[in-house]
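Trainee:
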Amino acid sequence: MNEQGAADKCDEMVLMPGSVYLVGAGPGDPDLITVAGLNALRAAEVVVYDRLLAPALLREAPATALLIDAGKAPGAHTLGQDGINAVLAEHASLGRTVVRLKGGDPFMFGRGGEEALYLRERGIPFRIVPGVTSAIAAPAFAGIPVTHRGIAGSVLIATGHEAAAGAGASFDWNAVAYAADTLVFLMGVERLAEITRHLLAAGRPAEQPAALVRWGSTPEQVVLTGTVGTIAAAAEASGLKAPATLVIGEVVRLRDGIAWFETQPLFGARVLVTRTRERASGLVQRLRALGALPLKFPAISFEPLADTALLDAALSALPAYDWAIFTSQTAVGAVFERLQAAGRDARAFAGVRLCAVGPATARSLTEHGLKADLVPQRFTAEAALEALVGEGVQGRRLLLPQADIARPDLADSLNSAGATVTSVAAYRTRGGHGRGEELARLLAGGVDVVSFSSSSTVTHLLEALNGDTTALNGALIASIGPATSETARAAGLRVDMEAAPHTIDGLVTALVAAWAERRSRSAQVTAASGG
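Numbering (our numbering), first residue to last: 6 to 536.
1) Taking the beta carbon of residue 172 as the centre, do at least 16 other beta carbons fall within 10 Å, making it buried, or is it exposed?
2) Using a 10 Å radius around the Cβ and a threshold of 16 neighbouring Cβ atoms, would you call residue 522 buried or exposed?
3) Near residue 295, what residues of its chain come up, given a Cβ to Cβ distance below 6 Å and the 5 sequence neighbours on each side ignored?
4) Going by Cα to Cα distance, which pick from 29, 318 and 71 is closest to residue 326?
5) Which of the three DSSP states, helix, strand or coil, is assigned to residue 324?
6) If you drop the 5 nearest sequence neighbours on each side, which residues of the same chain put their C-beta closer than 7 Å to that of residue 397?
7) Hey, would you say residue 424 sits closer than 9 Å to residue 446, going by beta carbons?
8) Using 8 Å for Cβ pairs, my map puts residue 189 next to residue 156. What's the rounded Cβ distance?
9) Does the beta-carbon distance from residue 452 to residue 476 come in below 9 Å?
10) Would you call the segment 459-468 and the segment 251-262 in contact, with 3 or more CB pairs under 8 Å?
11) Between residue 134 and chain D, is there a C-beta pair that is closer than 9 Å?
12) Does DSSP put residue 23 in a helix, in a strand, or in coil?
13) Pull the bridge partners of residue 407 from the DSSP assignment, please.
14) Please go through the same chain and pick out, in chain order, the residues whose beta-carbon is closer than 6 Å to the beta-carbon of residue 81, but skip the five residues on each side of it.
15) Would you call residue 233 buried or exposed, if buried means 16 or more other Cβ atoms sit within 10 Å of its Cβ?
16) Here's the rule: buried if 16 or more other CB atoms are within 10 angstroms of the residue's CB, otherwise exposed. What is residue 42?
17) When you compare only the Cα positions, how much space is there between residue 359 and residue 505?
18) Label residue 432 either buried or exposed according to how many other C-beta atoms from any shown protein chain fall within 10 Å of its C-beta, with 16 as the threshold for buried.
19) Pick out whichever of 50, 90, 64 and 119 has its Cα sitting closest to the Cα of residue 100.
20) Give me the Cβ distance between residue 254 and residue 187, rounded to the nearest whole Å; I'm assuming they're in contact under 8 Å.
21) Closer than 8 Å by C-beta to residue 515: which residues in its own chain qualify, once you throw out the five before and the five after it? Chain order, please.
22) What would DSSP say about residue 473, mapped onto helix, strand or coil?
23) Kindly indicate the opening and closing residues of the beta strand (DSSP E) around residue 104.
24) Measure the alpha-carbon distance for residue 371 versus residue 377 and round it to whole angstroms.
25) Determine the DSSP secondary structure at residue 172, reduced to helix, strand or coil.
26) Taking the straight line between their C-alpha atoms, what separation do you get for residue 403 and residue 430?
27) Suppose only complete runs of 3+ residues qualify. What are the beta strand (DSSP E) ranges in the segment 128-190, listed by chain order?
28) What separation, rounded to the nearest whole angstrom, lies between the Cα atoms of residue 219 and residue 512?
29) Are the Cβ atoms of residue 25 and residue 104 separated by less than 9 Å?
30) Please report the straight-line C-alpha distance between residue 194 and residue 179, rounded to a whole angstrom.
31) By the 10 Å Cβ neighbour count, where 16 or more other Cβ atoms means buried, how is residue 120 classified, buried or exposed?
32) What residue range is occupied by the uninterrupted alpha helix (DSSP H) comprising residue 231?
33) Here's a check: name, in chain order, each residue in its chain whose Cβ is nearer than 6 Å to the Cβ of residue 236, leaving out the five neighbours to either side.
34) Any heavy atom of the ligand GTP within a distance shorter than 8 Å of the CB on residue 236?
35) So, residue 310 versus residue 409, is the Cβ gap smaller than 9 Å?
36) Using a Cβ-Cβ cutoff of less than 6 Å, which residues in the same chain neighbour residue 458 once the five nearest sequence positions on both sides are dropped?
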């Protein structure tokens, strides 16, 4: 199938009104949802979701979608199963596209079969979108293959809810104990002692290795190992709670050689990302790939100007300028929006030399059909000033489109160097005022690193905190460059790392080094205390 055919097939699959899609969301890592599942979620009008889903997945639903929490915690159900069934049928019967977003796989103890039968009995069309089950993924992220040549050729997946033997149990413990080389129990933490007791009574060796994987595939993953005879006591002593996957079998011994996820450079780091929503995705993906848990709080947003008269006037006079200086991708985008509104394109810059501060800004120009004549080696306003002066700006006319809150330093310095600078606002910057509760919820679990990609992200994050930085105590502060660092220090924050070069890649590199140092110090303290 060609690419267009594949795209058409996806569109056909997800755009059926009056249908329910039973979608497996995967084990926890939002990247592990399938392409089909993500396409369905992005087209949903109603999303009925489980409690253990990554919040990042819900943000993939359309802003207009109705989100319904069907979470089931032990002993506390937001909606009972009958209520969930009724909600699915109600919205589908009104002609809406409904996604039932379920952790793991819909048919792996997810009650997807019950929901499908309920819908079929009422003539409501549905589709099944399988997901990656935590029964396989959680052990894999712990470095435990559930099968391995020469060690385990079979695996049994069971639900811990059936740990109580006798009436109501759906399997025979005497049979289960030796049904497969590897046993995997989902939802079994609350009945862990019963599970191991039944297995031991049925003859499963007490010394056989066992492991519990909590929050598998996420940066909060915890792995506890022991044996069939000791794992229940170890879990109680450590305070390990659900959700966790229990793995029993000789394959657990392979963890020592295969464990990989917890060795990621940023494993476990909770990183607050303050970039704009549009610009955050690249940084978030890098952080997640390195094992971190990104906490997205766009401290700023960029908006079109309410009044574009000055910008439009400057752009209409482009032939009179010798240079146009772009300090950000956003400035490039804003300028081209106004050019397009006037029916113009990149040819408007004919005869105008272009300076781009940073490779991302240069790439943005390239995407609009232009090539920067000058990209300073360092990505700061000071470096841009030095490079432009080196090009000879005395007596030259320069256009500087930038944010409405941009500091005047660059324009003032260029004017002092003999240039004539027209500094004009190209877009508006808006902050996090009034979003303090949202930020407090995000930081409730703690934060290890706060990343700042501009001075305005510093200013507006503090605004959202009402100046109270208590929630940031103990967190490493990461800055993208000198101007951002200066703003942070002026606000009373300690800057622990600064990107070099002053790019997102540089920021990530600095963060990896700082996190490694923190983990090393923590390990030394633990060793010194005999822990």
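Glycine included, each C-beta is placed from N, C-alpha and C at the ideal position. Being a predicted model, the structure only gives us computed values, none of them experimental.
Mentor: If we stick to the structure as given:
1) Mapped onto the sequence shown, residue 172 falls at position 167. In this predicted model, residue 172 has a pLDDT of only 48, less than 50, meaning its place in the structure is not dependable; the value taken from the coordinates is given anyway. Here residue 172 is exposed: its Cβ has fewer than 16 other Cβ atoms, across all protein chains shown, within 10 Å.
2) Numbered from 1 along the sequence shown, position 517 holds the residue referred to as residue 522. Exposed, by the Cβ-count rule.
3) As a working mapping, residue 295 is identified with position 290 in the sequence shown. Result list for residue 295: 269, 270 and 271, in chain order.
4) Residue numbering aside, residue 326 sits at position 321 when the sequence shown is read from its first letter. When each option's Cα is compared against that of residue 326, the closest is 318.
5) Counting from 1 along the sequence shown, the entry for residue 324 is found at position 319. If DSSP states are grouped into helix, strand and coil, residue 324 belongs with the helices.
6) In the sequence shown, counting from the first residue as 1, residue 397 sits at position 392. There are no such residues.
7) As a first step, residue 424 must be located in the sequence shown, where it is residue number 419. As a first step, residue 446 must be located in the sequence shown, where it is residue number 441. Cβ atoms of residue 424 and residue 446: not closer than 9 Å.
8) Locating residue 189 in the sequence shown gives position 184, counting from the first residue. Locating residue 156 in the sequence shown gives position 151, counting from the first residue. Wrong, their Cβ atoms sit about 15 Å apart, outside the cutoff.
9) Against the sequence shown, residue 452 aligns to sequence position 447. Against the sequence shown, residue 476 aligns to sequence position 471. Taking 9 Å as the Cβ cut-off, residue 452 and residue 476 qualify as a contacting pair.
10) no
11) The displayed structure is made up of one protein chain only, and chain D is not part of it.
12) Looking up residue 23 in the sequence shown gives position 18. The answer is coil: DSSP assigns residue 23 none of H, G, I, E or B.
13) As a working mapping, residue 407 is identified with position 402 in the sequence shown. In the DSSP output, where bridge partners are listed per residue, residue 407 has 430.
14) Numbered from its first residue, the sequence shown carries residue 81 at position 76. Bear in mind that the predicted position of residue 81 carries a pLDDT of just 48, short of 50, making it unreliable; the figure below should be weighed with that in mind. Hits under 6 Å: none found.
15) Here the question's residue 233 lines up with position 228 in the sequence shown. Buried, because 16 or more other Cβ atoms sit within 10 Å of the Cβ of residue 233.
16) Locating residue 42 in the sequence shown gives position 37, counting from the first residue. Under this definition residue 42 is a buried residue.
17) For the purposes of this step, residue 359 is identified with residue 354 of the sequence shown, where counting begins at 1. For the purposes of this step, residue 505 is identified with residue 500 of the sequence shown, where counting begins at 1. Computed Cα separation, rounded: 24 Å.
18) Walking along the sequence shown from the start, residue 432 turns up at place 427. So residue 432 ends up on the buried side.
19) Within the sequence shown, numbered from 1, the residue matching residue 100 stands at position 95. Of the candidates 50, 90, 64 and 119, the one whose C-alpha sits nearest the C-alpha of residue 100 is 50.
20) Here residue 254 refers to the residue found at position 249 when the sequence shown is read from its first residue. Here residue 187 refers to the residue found at position 182 when the sequence shown is read from its first residue. With a Cβ gap of about 4 Å, residue 254 and residue 187 count as contacting.
21) Locating residue 515 in the sequence shown gives position 510, where the first residue counts as 1. So the list reads 483, 502, 503, 504 and 505, once near-sequence residues are dropped.
22) Working through the sequence shown from its first residue, we reach residue 473 at position 468. Looking at residue 473 - three-state DSSP - the assignment turns out to be coil, as it is neither helix nor strand.
23) Indexing the sequence shown from 1 puts residue 104 at position 99. Looking at the DSSP string, the run of the beta strand (DSSP E) that includes residue 104 is 103-107.
24) Position 366 of the sequence shown, counting from 1, holds the residue named residue 371. Position 372 of the sequence shown, counting from 1, holds the residue named residue 377. The alpha-carbon atoms of residue 371 and residue 377 are separated by roughly 8 Å.
25) Residue 172 sits at position 167 when you count from the first residue of the sequence shown. A caution first: residue 172 carries a pLDDT of 48, below 50, which makes its placement in the model unreliable, though a value can still be read off. DSSP places residue 172 outside both helix and strand once states are collapsed to three, so it counts as coil.
26) To locate residue 403, count along the sequence shown from 1; it is residue 398. To locate residue 430, count along the sequence shown from 1; it is residue 425. So the alpha carbons of these two residues sit roughly 14 Å apart.
27) 131-134 and 160-164
28) Locating residue 219 in the sequence shown gives position 214, where the first residue counts as 1. Locating residue 512 in the sequence shown gives position 507, where the first residue counts as 1. Straight-line Cα distance between these residues: approximately 30 Å.
29) One-based indexing of the sequence shown puts residue 25 at position 20. One-based indexing of the sequence shown puts residue 104 at position 99. Yes, these two residues count as a Cβ contact at 9 Å.
30) Numbered from its first residue, the sequence shown carries residue 194 at position 189. Numbered from its first residue, the sequence shown carries residue 179 at position 174. Residue 194 and residue 179: Cα-Cα distance of roughly 21 Å.
31) Taking the first residue of the sequence shown as 1, we reach residue 120 at position 115. Burial call: buried.
32) The residue labelled residue 231 in the question sits at position 226 within the sequence shown. Run containing residue 231: none in the alpha helix (DSSP H); it sits in the beta strand (DSSP E), 227-232.
33) One-based indexing of the sequence shown puts residue 236 at position 231. Result list for residue 236: 215, in chain order.
34) As presented, the structure is devoid of all ligands, the ligand GTP included, so that no description of it is given.
35) As a first step, residue 310 must be located in the sequence shown, where it is residue number 305. As a first step, residue 409 must be located in the sequence shown, where it is residue number 404. The answer is yes: Cβ separation under 9 Å.
36) Here residue 458 corresponds to residue number 453 of the sequence shown, with the count starting at 1. Only 280 and 485 meet the Cβ criterion.
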